[in-house]
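Single-structure report; data block below.
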Amino acid sequence: MNKRRRKRRKQKRMLMMITIILTIILLIVIGVSVYLVVNKLNEKRENVVTEETTENNQLPSNAEGKEQDGQQTSGKADEKTEDSPQKSSEEGKSSDAENTYENLIAGTGKLNFSYYMDNIYVNSEFKDYQDELFSHLKSREYTISALISEFNDIFMHSGDFISEGKVTYAGYSYLDCGNDGSKELALQFVCPVVEESSSLTLILKDMGGDIQVVYAFCCWSRSETNINEYGVLTGGGSGGASLHGWDLGIIDANGKYTFGYSEEEQLDINMFYTGQDHPEIDTSSYDGSIYAYSLRTKEAAGEDAWPQYYSYAVFDDNGNEMNIPNLYTDSEYKKVMDVFGLNFIPKAEFDKKAEDRANEIGATSQMRSGANLEYKELKF
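Written out as structure tokens, the structure reads:
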């Protein structure tokens, strides 16, 4: 009995020891697990705190932010000042996009002579009056006030103009070349480009924000040119006591000038110039006066400046055309005109040549019926 009891007691002690050991091991495992979990949580917290600290160091407080914003703004201003040449170029491009007719009239926009100088200007010994003036320009781009100032300097100091003086009037008017609904602008200056009170007119077209001079013409006491609201140009003038001329051209919707024709009327038959000598003609015994006409439908270029068509008509003392039977086939007047050795065509056919040429270039009767421009004064 005692042995069994001792054995049982021994077994109980062993069981208790095993239980205690297992409990200790379990507690150790639990402790280690808790430690690891807590350690990981602490690491995460430290990482979060570190990130927040870093962000706080990078992001200033409100007061510091305002101060830094001010410094950044100031820095940008300094940077803009330092980069001004490049910025000016970029701003020049953007201002070109805003270079409107209205800005030009207001004094901030600029006009450019590049198109004119490259396409219209003729550099010859005997230049047209406007080309002579433009040959003295020092630049190709101007505000209106700067252009007037340079014109004045040229008139006063170049010595190439008949009378010294300054621009006394500047005006502007809108037109619609080609009648396409797109505006063009005309600038007119009263100045001594030909004589004391002659005028110069520039026709301007907006070519993508670049306002180009596409045509120019002068008017003076013996020569008048008008441009109407659709870009049709008609001119007339005197080449002497008995010689008068007319011409026609047009500026289309693209700003391109096209020559139409040039017509001359000679009232003194002995002054009718053909390039060849002819005997003196006595028409005192004839009824009325013979007027000779010439028509050129190609723009004069070098030696190719002679007319293509000739005609004549007879007028009474009141300036009324006389109806002469067989005038161009078998008349005393035809015998007179034969001395010139030219092929004279009937005046009606001659006039139709001019009309056909006008229609060919787009200067139809409808386009020619447009109103002439009226200018508003520009203060300068």
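The sequence shown maps to residues 5 to 384 in this note's numbering. We put the CB at the ideal spot given by N, CA and C, even for glycine.
* Thinking C-alpha only, which one of ILE148, GLN270, VAL236 is nearest GLY244? -> As a first step, residue 244 is located in the sequence shown; it is residue number 240 there, counting from the start. For the residues ILE148, GLN270, VAL236, the minimum Cα distance to GLY244 belongs to GLN270.
* Per DSSP, what kind of secondary structure is ILE385 in: helix, strand or coil? -> Residue 385 lies beyond the range of the chain shown here (5 to 384); nothing can be said about it.
* Asked: Under a Cβ-count criterion, where at least 16 other Cβ atoms within 10 Å of its own Cβ denotes burial, should ARG226 be classed as buried or exposed?
  -> The residue labelled residue 226 in the question sits at position 222 within the sequence shown. The residue is exposed, with fewer than 16 neighbouring Cβ atoms inside 10 Å.
* Asked: Do you know offhand how far SER92's Cα is from ALA309's?
  -> The count along the sequence shown starts at 1 and reaches residue 92 at position 88. The count along the sequence shown starts at 1 and reaches residue 309 at position 305. A caution first: SER92 carries a pLDDT of 32, below 50, which makes its placement in the model unreliable, though a value can still be read off. Taking the straight line joining both Cα atoms gives about 49 Å.
* Asked: Just the Cα atoms here: how many angstroms apart are THR368 and ARG361?
  -> In the sequence shown, counting from the first residue as 1, residue 368 sits at position 364. In the sequence shown, counting from the first residue as 1, residue 361 sits at position 357. Spanning the alpha carbons of THR368 and ARG361 requires a straight line of approximately 9 Å.
* Touch test, the segment 260 to 276 against the segment 321 to 331, Cβ-Cβ under 8 Å, three pairs minimum -> No, they do not touch.
* Kindly indicate which residue of LYS351, ASN258, THR147, THR278 has the alpha-carbon position closest to the one of GLY235. => Here residue 235 is taken as the residue at index 231 of the sequence shown, counted from 1. When each option's Cα is compared against that of GLY235, the closest is ASN258.
* Asked: Taking LYS339 as the reference, which of GLU325, LYS302, ILE365, ILE285 has the closest Cα?
  -> The residue you call residue 339 lines up with position 335 of the sequence shown. Among GLU325, LYS302, ILE365, ILE285, the Cα nearest to that of LYS339 is on ILE285.
* Just mark ALA352 as buried or exposed, buried being the case when its beta carbon has 16 or more other beta carbons within 10 Å. => Here residue 352 refers to the residue found at position 348 when the sequence shown is read from its first residue. That one is exposed.
* To do: Return helix, strand or coil for LEU179, following the three-state DSSP convention.
  => Mapped onto the sequence shown, residue 179 falls at position 175. Secondary structure of LEU179 (DSSP, three-state): strand.
* What span of residues does the alpha helix (DSSP H) with TYR133 cover, start to end? -> What you label residue 133 is simply residue 129 of the sequence shown in a count that begins at 1. Bounds of the alpha helix (DSSP H) holding TYR133 are 133 to 138.
* Going by CA-CA distance only, name the one from GLU106, GLY239, SER139 that's closest to PHE117. => Within the sequence shown, numbered from 1, the residue matching residue 117 stands at position 113. Among GLU106, GLY239, SER139, the Cα nearest to that of PHE117 belongs to SER139.
* Please confirm if the segment 280 to 298 is in contact with the segment 341 to 348, defined as three or more CB-CB distances below 8 Å between the two stretches. => Two segments are said to touch when three or more pairs of C-beta atoms, one from each, lie closer than 8 Å; by this definition the segment 280 to 298 touches the segment 341 to 348.
* **Identified DSSP bridge partners for VAL318** => Position 314 of the sequence shown, counted from the first residue, corresponds to residue 318. Answer is ILE294, bridged to VAL318.
* **Residue from MET21, PHE319, LYS302 with nearest C-alpha to PRO311** => Here residue 311 is taken as the residue at index 307 of the sequence shown, counted from 1. Answer by Cα proximity: LYS302.
* For PHE165, the nearest candidate out of ASP210, CYS223, PRO196 (CA to CA) -> Along the sequence shown, read from residue 1 onward, the residue named residue 165 stands at position 161. For the residues ASP210, CYS223, PRO196, the minimum Cα distance to PHE165 belongs to PRO196.
* CA-CA distance, GLY239 and ASP291? -> In the sequence shown, the residue the question calls residue 239 occupies position 235. In the sequence shown, the residue the question calls residue 291 occupies position 287. Rounded to whole angstroms, GLY239 to ASP291 spans 31 Å at the Cα level.
* Is the beta carbon of VAL194 less than 7 Å from the beta carbon of CYS222? -> Indexing the sequence shown from 1 puts residue 194 at position 190. Indexing the sequence shown from 1 puts residue 222 at position 218. Contact check for VAL194 against CYS222 fails: the beta carbons are separated by 7 Å or more.
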